[in-house]
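K.L.:
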Amino acid sequence: MKAVILAAGKGTRLDPFTVSQPKVMIDVANRPILEYVVESLVKNAIRDIVMVVGYKKEKIMSHFEDGGDFDAHIEYVTQGKQLGTAHALYAAKDLMDEEFIMLPGDNIIDPTTIADLLEKKKGVSIVITESEHPSKYGVVELSKGVIKEYVEKPVEEVGNLISTAICSFQPSIFDTLGPLMDEGKYDFTDLIQTVVAKETVQGIFTSGMWADAVYPWDLLKVNSLALNRITGEKAGTVERGATINGPVSVGEGSVIKSGSYIAGPVVIGKGCEIGPNVTINPSTSIGHNVRIAPFSLVEHSVVMSDTGLGPHSYLSNSVIGPGCQFSSRFTASSGPTIFILEGEQHELASVGTFIGEDSVIDSGVVAEPGSIIGASSRVQSQAVLSGKLPNKSIVI
Amino acid sequence: MCGIVGYTGHRRAQPILLNSLKKLEYRGYDSAGVAIIDKEMVIHKDKGEIAVLEGHLPKIEGSVGIAHTRWATHGKPSQTNAHPFTDCKKMIALIHNGIVENYLDIKEKLLEEGHEFKSDTDTEVVVHLLEKYYEGDLEKAMLKTLKEIEGSYAFVAISVEEKDKIVVARKESPLILGKGNDENFIASDIPALLKETNKVTNLHDGEVATITPRSIKVVDLEGNEISKEWKTITWNIEDAQKGGYEHFMLKEIYEAPNTIHNTILGRVSALDLGPPLGDDFSAIKMVACGTSYYAAMAGKYILEEIAGIPTTVELASEYRYSSRAHERPLTILISQSGETLDTLGAAREAKQRGCPLLAITNYMGSSLARTVGENRVFYTRAGIEIGVAATKTFVAQLIALYLIALQLAQERHTKNSDEIRRMLDEMRTLPRVAWKVLGMGPEIRELAEKYHDVKDAFILGRGLNYPIALEGALKLKEISYIHAEGFAAGELKHGPLALMSEEAVVLAVAVQDHTYKKILGNIREVNARGSPVVGIGYEGDDNLRKFVDDLILLPKVSNIFSAIPVVLAFQLFAYYVAKERGCEIDKPRHLAKTVTVE
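Protein chains in written order, with our numbering: chain F, 819 to 1214; chain W, 654 to 1251.
1) Which ranges would you report for the alpha helix (DSSP H) in the stretch 879-966 of chain F if only whole runs of at least 4 residues count?
2) Using beta carbons (cut-off 8 angstroms, strictly below), is W:His-727 in contact with chain F?
3) Counting only beta-carbon atoms, is W:Asp-932 nearer than 8 angstroms to chain F?
4) Hey, is the stretch 1115-1134 of chain W in contact with the stretch 943-955 of chain W, meaning 3+ C-beta pairs nearer than 8 angstroms?
5) So, using beta-carbon positions, are W:Arg-973 and W:Phe-934 closer together than 8 angstroms?
6) Looking at chain W, which residues of the stretch 1103-1118 of chain F have a Cβ within less than 9 angstroms of any of its Cβ atoms?
7) Whose C-beta lies closer than 6 angstroms to the C-beta of F:Ile-965 among residues of the same chain, with five residues either side of it excluded?
8) According to DSSP, is F:Met-869 part of a helix, a strand, or is it coil?
9) Using a Cβ-Cβ distance under 8 angstroms, would F:Ile-1145 count as near chain W?
10) What did DSSP end up calling W:Lys-712 once you bin it into helix, strand or coil?
11) Give the list of continuous beta strand (DSSP E) stretches no shorter than 3 residues that lie fully inside the stretch 1002-1085 of chain F.
12) Name the chain F residues that come within less than 7 angstroms of W:Leu-898, Cβ to Cβ?
13) Taking F:Thr-1238 as the reference, give the member of F:Ile-1190, F:Asn-1095 and F:Arg-1196 with the closest Cα.
14) Residues of chain W with CB closer than 7 angstroms to the CB of F:Asp-884, please, in chain order.
15) For the stretch 1128-1140 of chain F against the stretch 1154-1174 of chain F, are there 3 or more C-beta pairs whose distance is under 8 angstroms?
16) Keeping to the same chain, check which residues put their C-beta closer than 7 angstroms to that of W:Gly-728; ignore five residues upstream and five downstream.
17) Can you pull the chain W neighbours of F:Pro-1140, defined as C-beta to C-beta under 7 angstroms?
18) Using a Cβ-Cβ cut-off of 8 angstroms, state whether F:Asp-924 counts as contacting chain W.
19) Could you say if the stretch 1090-1110 of chain F and the stretch 844-857 of chain F meet the contact criterion of at least three C-beta pairs nearer than 8 angstroms?
20) Where do the ends of the alpha helix (DSSP H) carrying F:Lys-971 lie?
21) From the DSSP output, which residues share a beta bridge with F:Val-1169?
22) Residues of the stretch 827-838 of chain F with a CB closer than 7 angstroms to any CB of chain W: list them in chain order, please.
23) If you measure between the beta carbons of F:Gly-1069 and F:Lys-1088, is that distance less than 8 angstroms?
24) Using CA atoms only, rank isn't needed, just tell me which of F:Tyr-1033, F:Thr-836 and F:Met-819 is closest to F:Ser-1194.
25) Select from the stretch 752-779 of chain W all residues with a C-beta closer than 7 angstroms to any C-beta belonging to chain F, and list them in chain order.
26) Using 8 angstroms for Cβ pairs, my map puts F:Ser-943 next to F:Ser-986. What's the rounded Cβ distance?
27) In the structure shown, what three-state DSSP assignment does W:His-727 receive?
28) Out of W:Ser-805, W:Lys-1240 and W:Ser-826, which has the shortest C-alpha to C-alpha gap to W:Ala-1043?
29) Nearest by alpha-carbon distance to F:Phe-1144: which of F:Pro-1112, F:Gly-1161 and F:Leu-852 is it?
30) I need the straight-line Cα distance from W:Ala-725 to W:Met-1017, nearest angstrom please.
31) By the three-class DSSP mapping on this structure, what secondary structure does W:His-749 have?
32) Are the C-beta atoms of W:Trp-888 and some chain F residue less than 8 angstroms apart?
33) Answer yes or no: does any C-beta atom of chain W fall closer than 8 angstroms to that of F:Ala-821?
34) Does the beta-carbon distance from W:Ala-720 to W:Leu-674 come in below 8 angstroms?
35) What residues of chain W sit near F:His-1130, judged by a beta carbon separation below 9 angstroms?
36) Taking the CB atoms as reference points, tell me whether W:Pro-1208 and W:Lys-1045 lie closer together than 8 angstroms.
Set out below in C-alpha cells:
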C-alpha cells in the first residue's frame, strides 16, 4: 500500500516559525513534525510514500532525500500553487494506481492511529477523533460508523468528533476530484462532502495520539506530548557535578557542564554547550548547536538549533526560533494571556514569548507574556517587548 | 548509520558484495568489512572507502558472505571497530546495525564463562552470545540470543558449520530480503539489491529470517513461521537518489545549509577542533588544485584577516617547484576526495621538507588523511558529492578555513575572546543565510535565462570575493561550457577591458565592504564598453541599482563571511545557465570527479 502525505502548505498561522520553512519541518522534540508521520507509516509497513510538496519544498527534499535513512522510498510531486487539500491530493494522481491512504504532514500522528485505519477501513474511510476544540476542525456526524454529515469549522455545536483528514481512498477518487478541480473546489471539505453525498464513508474512531499545532503556543503542547516518548539516550558528555533526573537525551558532541541541573523529559541536540550552572526543567527541547550560558533557567520551552542564550537568562513556556543570539539577562516569564488573531480570541492560562529565527536580542531585555517577535528582529538592551511584532522589527 | 549486504548462491560472493556496497556509496562511508565463508571464515575490514578495502582484498572463493559499511557520522573510524565481528573460534561472523543497551551485563557474564573480547563494542558481545547458544543451528542460536538482548538491531550472521546459510533479525533497523534464481540477497537498503533482483520484501520488527540459495524462511521470535508478501520494485535508483531534484548538482547546492550545520556542529560551542595547531610556524602555505585551490585562495584572506598570519597559496602541481624560502610554514592541503594525486604528492614533499601539516578533506581514511596523520585532519562533513562540479564541498571547505582561522586566532590571541565568540555566533546563523540565498533560486534562474546565450562571462571581485569570482567562473566553464573568467577587479585596466563587448555579461561582486567604492568604479568602466552588468550586493543596497543592469541582492552578513552567500548565488547561476543551454550537468564532458593522475 502507498501513502500520500500532504506537505505543501506554509502554515501561516504559525508565523514567525514558518518564515523559512513549511510547518511540516518545524522541530518538535528535535525532529520535524513530518518525520513522526513517516515513522508511523513505516511502523505500519507502509514504505512507498509520495510527498506532495510546495512551499519551501527543498527543506523537505533535502531532509528526507530518497527516504533511505527512514527505511522508506519517497517520491515527490510539486503542488505549484497551494490552493487546498483536495488540490494537493490531485497533484499525486499519476502515482496512485491502487488503494492508498492520505495523511496531512503537519500533525503528529501515532502509529496506532494508522493501524486503526488499516484494520477497519472499508471503501472511503476517514479517521476521526475527539477534540476539545471541535470548532477549529471539520466535525463529523456519525450513524453506525458511517459519516452522515461533514461540517467544516461549525459555528453551532454539532459534536466533538472531528476528522483527522487521514483517509483511505481508491484511485477512483481522482475521478471525483477531476470535476471538483474544474469547478475550483479545492478544499478537503469540498471533496468529503461530495463523497459523503454519493457513497458510504466510514468514520474510524481512534484513541491514538493525534496532535495538531495551529498557533505558535500549540508548539509547546505538541512538544511536551512528543517528549513523553523519549528514551534518554546519552551520547554527549555530562560533566561531574551536573545532575540529570528523569528521561533526558543528550546528543553527540554536547556538553552539560558542572553545576547544571536537568529534569526530564528534556531533549538536547548535538553539539550543544550547556552551563556551567544552568537549570533546565521538564518539557523542554533544545536543538543542535545551542549554547546556554551560566545561571540560566529554561522550562517548558523550545529553543531551536543554533541559538545562543546569554548568562542569567530565563525562559518559561516560550519558543525561540533557530539562530537567535541573546546577550545576558533575557527574561521571558509566563502568565495568562489573551491573543486576538484574525479576529479570533484565544485565552491561555500560561504562555511566555515566541521569537522568530535569527533575531538578535541585547542584554537586559524583558518579554511580556504572550509577546510574538518576528524573525530577524533586532532588540536593543533594556527594551520591554509586548504584543505582536512583524519580521525584521527593530526595537530601541 | 550503516549499510549491510549479504549473498548466498552459486556465484562468487566477493564481487557481488562489493558492488552492492558501492550502490550505497552515495551516502558516504568511513569503514567497510566483509566476511565470506570459504574453507574457513575469511574476514577483511578496513577504515576508509570501499575502494580501499577492495584494493587490499585478495581473491576470496566462497559463495556465501556478508559485508558492511559505516557511513560518515562524527565518530573516528578504526579497523578494530569495523564490522564484521567473530566469536572466539572464528566460526561465526556477525554484522550489527543499532545499539545493544544491556551489553555490559551480558559481557560480564560471558567474560566469566571464558569468552575473549577484542573490542569494546556491543556487537562483539552478541557474536559471543551466538557462539554460546550455537548447537549446529544458527537460527535457533539467534532466537535464544535475541531473548537476552535489549535495544535496536539489524543482525546478520553466518557460520562456517552451515556453509550456505545467512540468518538475520530485525528490530528498528532496516533490512530487506531479495529473491533471485537459486540465489538470495539481503541488504539494508533497496538500491544495494536492484542490480541483482527487483523482487524484495521488508523484514519487520521481531522477525528472523533464514536464507539459503533456494529458500527464505521467516519466523517470529517464538519460531512460528510467517509468510511474506513480495513486491517488485519498478523505480529507477538514480532518480530516487536525486530525492525530488532534477540533477545531483542542484540537490547538492541545496545541501549547503546542512553541510554548514554539520561542519560546525560541536566545533563552534567551545571552538574545539581537536589538538592545538601549534606555535612552531610563522607563516602558512596552502596547497590544492581546482575548486579546492580557490577555497585555498579565499583561505588566504580568511587566515590573514582573522588569524593575522601571512599566508601564501600554491597549486599542488607546482608545489614541488616552489620556494623553500619560508622556514617551514604550516602547510594546509585541501582535497575534497583526499585522493587528488597532485595534492598527495605535495603532502609528501611538504612532509619531507619538515613542515607541520594540516589537511582539509571530506573523506575519512583517505590517502591524504593517512599521509598527514588522523589528528592533523579537519574533516568537512559534506557527505558524498556525486555531481562532478564541486558545490557543497567548496562551501564546507570555506567553513573549515573559518574555523581553523578562529582556532589560530584563539591560540595566538590575535583576536580577543569576545570577537571570537561573536564570529562563532554568526557562524551559527550561516545555515539560514544559505537557505535565504537558495530561496532566491527563481530570481537567479530568470537572470540565467536572460544571459544563457552570451559568448563570454566575466566575474569581478576584490579581496575575499576575488577567489569567489574565480570559482564562479570555474562553475560556468565546467557545466555550461561558456567561456568564463574571473578577475580581480583592479586588474581590469591591465588587459581584460579589451575583452568587454555587448556579447559578454559581467557579474560584479559589490558587497559593502572596504572594496565597495572601488568595485563601483570598475562597474562604470565595464558599462562604458557596453557589457551588461549583474551586480551582486547586500539586500537594502538601493544605491547599487543605479550602476547595474540587473541585481542579485543577498542577505547581509559580516564581510568576512560574504563568500558563503556569494558563492551559492554563483552556483545557482551556473546551474541554471547550464540547464538553459541543455548541458549534461552532472557529468560534464572531459571531466572526472576525482583526479588521480598527474
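We treat Cβ as the ideally placed atom computed from N, Cα and C, and that holds for glycine. This one's a predicted model, so the numbers in the text were calculated from it and none came from an experiment.
P.N.:
On the basis of the coordinates in this document:
1) 903-908 and 929-938
2) Reliability fails at W:His-727, whose pLDDT of 45 lies under 50, so the model's placement of it is uncertain and no value is given.
3) no
4) yes
5) No, Cβ-Cβ distance for W:Arg-973 and W:Phe-934 is not below 8 angstroms.
6) His-1106, Asn-1107, Val-1108 and Arg-1109
7) Val-958, Val-1014, Val-1019 and Gly-1021
8) strand
9) Note that residue 1145 of chain F corresponds to Ser in the displayed sequence, not to Ile. Not a single CB atom of chain W sits nearer than 8 angstroms to the CB of F:Ser-1145.
10) coil
11) Fully enclosed beta strand (DSSP E) runs of no fewer than 3 residues occupy 1019-1023, 1028-1030, 1061-1063, 1066-1068 and 1079-1081 of the stretch 1002-1085 of chain F, in order along the chain.
12) Rather than Leu, the amino acid found at residue 898 of chain W in this sequence is Tyr. Met-879, listed in chain order.
13) Past the edges of chain F, shown from 819 to 1214, lies residue 1238 of chain F, and the structure says nothing about it.
14) Ala-893, Gln-894 and Gly-896
15) Taking one beta carbon from each stretch, the stretch 1128-1140 of chain F and the stretch 1154-1174 of chain F have 3 or more pairs nearer than 8 angstroms; the two touch.
16) Below a pLDDT of 50, predicted positions are generally treated as unreliable, and W:Gly-728, at 48, falls in that range; no measurement from the model is reported.
17) Arg-1085
18) no
19) yes
20) That residue, F:Lys-971, is in no alpha helix (DSSP H); it is neither H nor E in DSSP.
21) F:Gly-1153
22) Cβ contacts with chain W: Ser-838.
23) yes
24) F:Thr-836
25) none
26) Confirmed, about 5 angstroms.
27) At W:His-727 the pLDDT is 45, less than 50, meaning the model places this residue with poor confidence; the figure from the coordinates comes in the next sentence. In the structure shown, W:His-727 falls within a coil segment according to DSSP collapsed to helix, strand and coil.
28) Measuring from the Cα of W:Ala-1043, the nearest candidate turns out to be W:Lys-1240.
29) F:Pro-1112
30) At W:Ala-725, the pLDDT of 49 sits below 50, so the modelled position is not reliable and the matter cannot be decided from this model.
31) strand
32) yes
33) no
34) yes
35) None at all; the shortest Cβ gap to chain W is about 16 angstroms.
36) no
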